[in-house]
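Enquirer:
In my numbering, the protein residues as written are 65 to 157.
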């Protein structure tokens, strides 16, 4: 049976300087997801319907409920923390 073993990032604190990047990554995560869904034939709908290919989150990022933005932020935050845990440094050019 599959047992996920993500990299432990619990000791990594994301520097405040990366908050802007975090939001940019969250925005882009939603854009990439939306683009793929639309390519696959999905459309916006008030309620998710897998048979009719309707999804309520097929809206611009700024129109998403905060809970959905937080989902994308969490994904992006963990990606940044893994990069830092791997020994990389992120600096704005």
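Glycine residues also receive a C-beta, built at the ideal position from the N, C-alpha and C atoms.
Is it right to say residue 112 is buried, meaning 16 or more other beta carbons lie within 10 angstroms of its own, or is it exposed?
Expert: For the purposes of this step, residue 112 is taken as residue 48 along the chain shown, with counting starting at 1. Exposed.
Enquirer: Around the C-beta of residue 90, are 16 or more other C-beta atoms found within 10 angstroms, so that it is buried, or is it exposed?
Expert: Within the chain shown, numbered from 1, the residue matching residue 90 stands at position 26. The residue is buried, with at least 16 neighbouring Cβ atoms inside 10 Å.
Enquirer: Just mark residue 60 as buried or exposed, buried being the case when its beta carbon has 16 or more other beta carbons within 10 Å.
Expert: Residue coverage of the chain in this structure runs from 65 to 157, which leaves residue 60 outside it and unanswerable.
Enquirer: Below 8 Å, can you find three or more Cβ-Cβ pairs linking the region 120-130 to the region 143-151?
Expert: With the cut-off at 8 Å, the region 120-130 and the region 143-151 do not touch.
Enquirer: Skipping 5 residues on each side, what residues in its chain have a beta carbon closer than 6 Å to that of residue 221?
Expert: The first residue shown for the chain is 65 and the last is 157, placing residue 221 beyond what the model contains.
Enquirer: Would you mind reading off the limits of the alpha helix (DSSP H) that contains residue 95?
Expert: The residue given as residue 95 occupies position 31 in the chain shown. Here the alpha helix (DSSP H) through residue 95 covers 83-103.
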